[in-house]
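Peer 1:
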Amino acid sequence: MTEPTFCDPSDLATLDDVLDAEGIRETVTLRAVKSVIALQLRQAMTERRMTLSAMAVEMDTSRAQLNRVLDPEEFNVTLETLSRAAKVLGRGLKVELV
237 MTEPTFCDPS DLATLDDVLD AEGIRETVTL RAVKSVIALQ LRQAMTERRM
287 TLSAMAVEMD TSRAQLNRVL DPEEFNVTLE TLSRAAKVLG RGLKVELV
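The sequence shown begins at 237 in my numbering and counts up by one.
1. So, does the CB of Q279 fall closer than 9 Å to a CB anywhere in chain C?
2. Can you tell me whether DSSP reads A249 as helix, strand or coil?
3. Could you give the residue range of the alpha helix (DSSP H) that holds V305?
4. Within the same chain, show all residues whose beta-carbon is closer than 7 Å to that of M295, passing over the 5 residues directly before and after it, in chain order.
5. Looking at C-beta atoms only, is the number of pairs between the segment 247-261 and the segment 272-289 that lie closer than 8 Å three or more?
6. Counting along the chain, where does the alpha helix (DSSP H) carrying V324 start and finish?
What follows is the structure in structure tokens.
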């Protein structure tokens, strides 16, 4: 088993510094973005009083697939699927390079 390595805290000024030092910044960021999108979709469904079944029909997909879209821990969802979900709810999906 490999011993954990520790950085000098004085070298790490921000959370990004810590994530970079651990080599996990990209993964953590992607997971956070997907979680936020899933929560925003659920909130929009609640605001529109849309059930899972009605949303799935509007998206022309299964409830199982919609559950994956709405699951903050599920990361194997395409941009096309997220965009369709947003469109059904009268929203859009914005993706940009930074």
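Ideal placement from N, C-alpha and C gives every residue a C-beta, glycine not left out.
Note that the structure is a prediction, hence the values are computed from the model and not measured.
Peer 2: Considering the structure as presented:
1. Considering every chain present, this structure includes no chain C. It has just one protein chain.
2. Numbered from its first residue, the sequence shown carries residue 249 at position 13. If DSSP states are grouped into helix, strand and coil, A249 belongs with coil.
3. Here residue 305 refers to the residue found at position 69 of the sequence shown. That run of the alpha helix (DSSP H) goes R299 to L306.
4. Taking the first residue of the sequence shown as position 1, residue 295 is located at position 59. If we look at M295 and ignore the five residues flanking it on each side, its Cβ neighbours are L302, R320, A321 and V324.
5. no
6. Here residue 324 corresponds to residue number 88 of the sequence shown, with the count starting at 1. Unbroken alpha helix (DSSP H) run through V324: L315 to V324.
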